Amino acid sequence: VIGKLIIETIASAIGTIGFSVLFGIPRKLYINCALIGAVGWLMYKGALLLGTGMATAVFLAAVVIVLSSRFTAVYRQCPATVFLIAGIFPLVPGAQIYWAAYYLVTNQFDNALSSGFTALKVMIAIVLGIVFVFEIPYKVFAIARPRKKAK
Amino acid sequence: LENNESTPSSLRDEGRVLEIAMEAGHILLQNGAEISRVEETMDRICKHYGVESGDFFVLSNGIFTTGGGRREGSYARVRHIPVTGARLDKVVAVNQLSREISQGRYEDIESAAEKLREINEMPEEKNWRQIVASGMGSGFFCVLAGGGLLDCTAAFITGILLYVYVLYVGKPHLNKIVRNIFGGMLVVLLCLGCYLTGLGHNLSHMISGAIMPLVPGVAFTNGIRDIADGDYISGAVRMLDAILVFVSIAIGVGVMFSIYNGLTGGIML
């Protein structure tokens, strides 16, 4: 299990870099995005291993991703959205969207509905994670501010 | 609007400041910044150059600016900003510029304007890089979906071909809905092709990874943030944009499966 977790975390990091390129994120920030993608996935899998439901795991992962995005944003003096958009990608329920569409056209409506709602639940978990963590005042994150040289 | 010679110099300056603020706002909005950031940046630029009367109303696809009052010259401008792709590097650059302006490093307005022009002309990442990145994203996210080595190779190839389609056919010629429906269909078609020729064993994992490059991450994330900030109109528009894309992808996937099922006459997966 641990080995698989490590492989997936690395994959999450590299995949996140891939999407960073597509969104035109500056190259010097790739490494930060990759880290956030990896941390988010680790949290998600860790929560699942501890026995939480999928939506809870996604929520916890989203919280971790937004927190680290905001810290990184202060540290690199960049908008937090940049890191957030890339880092949240591993949590997007691509598989559920696919299954919902697949069941729908094969007339398995019960399954289609349940996949669709799972996707929706995951989306809402992401939304809640983002909304709550952005309510934390900026001051908390200011400790990550890079130290300036003496004037 | 070019008859600046007849206006007193102070009016011209205020107009120029508002113009530059508007240009900065334009770049931010067009490339995927939140509404509140756009407003804040425009405000910061105006205040720094001593224009107190600037008022901005920012929507997801337009900026309305007015300025003027008893002591400052009048200025009003509406700019329509079509929703296009996101270039977060430009958002980062304008953000940096606005910080430097408030630190007083651009006391001459024209140098700030020059810098904005530079930012706006920042070259896009080369096409082949984007294509490879799309393959990388697809392949590695297939690992997250639970795919094995062969599945991921298939997703990698699909991701590459998908982005070739997006860059050369989808973006220049098709609207968003049609582009994403075809995109979803293409993903399923390519993955089915790989699956039937024996490259990869798990179709669902392959497809889950390979549709990721179509996912509207920027619209979705910004929509949430705008709604959380209370910018309901813009947030709702962006969410609608994201949902439209999600649904289009799903339709594309569904349509391709029905075609395949129709051809083979049954469920086989």
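So the sequence lines, in the order shown, correspond to chains A and B.
Numbered by the numbering used here, the letters in the first sequence go through residues 32 to 182 in order.
Numbered by the numbering used here, the letters in the second sequence go through residues 217 to 485 in order.
A virtual CB, placed ideally from N, CA and C, is assigned to each residue, including glycine.
Given the structure is predicted, the values throughout are model-derived calculations rather than measurements.
Can the beta-carbon of residue i be found less than 8 angstroms from the beta-carbon of residue j?
i, j, result
"B:Val469", "B:Val404", "yes"
"B:Gly283", "B:Asp271", "yes"
"A:Phe102", "A:Cys64", "no"
"A:Tyr106", "A:Pro177", "yes"
"A:Leu122", "A:Ala92", "yes"
"B:Met352", "A:Ile41", "no"
"B:Lys392", "B:Val461", "yes"
"A:Ala126", "B:Ser420", "yes"
"B:Ala444", "A:Phe90", "no"
"B:Ile243", "B:Ser450", "no"
"B:Leu415", "B:Gly399", "no"
"A:Gly49", "B:Ser350", "yes"
"B:Val434", "B:Gly248", "yes"
"B:Ala170", "B:Ser424", "Residue numbering for chain B in the displayed model covers 217 to 485; residue 170 of chain B lies beyond these limits and cannot be assessed."
"A:Ile160", "A:Ala117", "A small fix is needed here, since residue 160 of chain A is Gly in this sequence, not Ile. Going by C-beta atoms, A:Gly160 is not nearer than 8 angstroms to A:Ala117."
"B:Ala328", "B:Ile440", "no"
"B:Ala458", "B:Phe436", "yes"
"A:Tyr129", "A:Asn142", "no"
"B:Val359", "A:Glu39", "yes"
"B:Ser354", "B:Pro429", "yes"
"B:Arg295", "B:Ile317", "no"
"B:Asn514", "B:Ser464", "Shown here, chain B extends from 217 to 485; a query on residue 514 of chain B therefore has no answer."
State the DSSP-derived secondary structure class of residue i, mapped to helix, strand or coil.
i, result
"B:Arg395", "helix"
"B:Thr282", "strand"
"B:Asp271", "strand"
"B:Tyr322", "coil"
"B:Arg293", "strand"
"A:Ala78", "helix"
"B:Glu230", "helix"
"B:Ser276", "coil"
"A:Gln127", "helix"
"A:Lys59", "helix"
"A:Asn138", "coil"
"B:Val431", "coil"
"B:Arg454", "helix"
"A:Lys35", "helix"
"B:Arg287", "coil"
"B:Thr437", "helix"
"B:Ile306", "Residue identity differs from the one stated: residue 306 of chain B is Lys in this sequence, not Ile. It is helical."
"B:Gly364", "coil"
"B:Val299", "coil"
"B:His389", "helix"
"A:Phe165", "coil"
"B:Ala249", "coil"
"B:Tyr265", "coil"
"B:Gly446", "coil"
"B:Gly353", "helix"
"B:Thr413", "coil"
Let me check one thing: in DSSP terms, what residues is residue i bridge-paired to?
i, result
"A:Tyr133", "The partner list for A:Tyr133 (beta bridge, DSSP) is empty, contrary to what the question assumes."
Applying the 10 Å Cβ sphere with the 16-neighbour rule, what's the burial state of residue i?
i, result
"B:Gln246", "buried"
"B:Glu334", "exposed"
"B:Pro388", "exposed"
"B:Val233", "buried"
"B:Ser474", "exposed"
"A:Leu81", "exposed"
"B:Glu340", "exposed"
"A:Lys170", "exposed"
"B:Phe261", "Strictly speaking, residue 261 of chain B in this sequence is Ile, with Phe absent from that position. The residue in question, B:Ile261, is buried, as its Cβ has 16 or more Cβ neighbours within 10 Å."
"B:Val267", "buried"
"B:Tyr448", "exposed"
Short of 8 angstroms Cβ to Cβ, which residues in the stretch 124-142 of chain A face chain B? Per Cβ criterion, the list reads Gly125, Ala126, Ile128, Tyr129, Trp130, Ala131, Ala132, Tyr133, Leu135, Val136, Thr137.
Beta carbons nearer than 8 angstroms to chain A: which residues of the stretch 420-431 of chain B have them? Within the stretch 420-431 of chain B, the qualifying residues are Ser420, His421, Ile423, Ser424, Gly425, Ile427, Met428, Pro429, Val431.
Return the residues of the stretch 339-360 of chain B that lie within a Cβ-Cβ distance of less than 9 angstroms from chain A, sorted by chain order. Look at the stretch 339-360 of chain B: the residues with a C-beta under 9 angstroms from a C-beta of chain A are Glu340, Glu341, Arg345, Gln346, Val348, Ala349, Ser350, Gly351, Met352, Gly353, Ser354, Gly355, Phe356, Phe357, Cys358, Val359, Leu360.
Would you list, in chain order, the members of the stretch 69-102 of chain A that have their beta-carbon closer than 8 angstroms to a beta-carbon of chain B? Across the stretch 69-102 of chain A, CB contacts with chain B closer than 8 angstroms involve Trp72, in sequence order along the chain.
Using a Cβ-Cβ cut-off of less than 7 angstroms, list which residues of the stretch 151-181 of chain A approach chain B; keep chain order. When CB distances to chain B are screened at a threshold of 7 angstroms, the residues of the stretch 151-181 of chain A falling below it are Val158, Ile161, Val162, Phe165, in chain order.
Selection of the stretch 274-305 of chain B by Cβ proximity to chain A, strictly under 9 angstroms: Within the stretch 274-305 of chain B, the residues whose Cβ lies closer than 9 angstroms to some Cβ of chain A are Gly301, Ala302, Arg303, Leu304, Asp305, listed in chain order.
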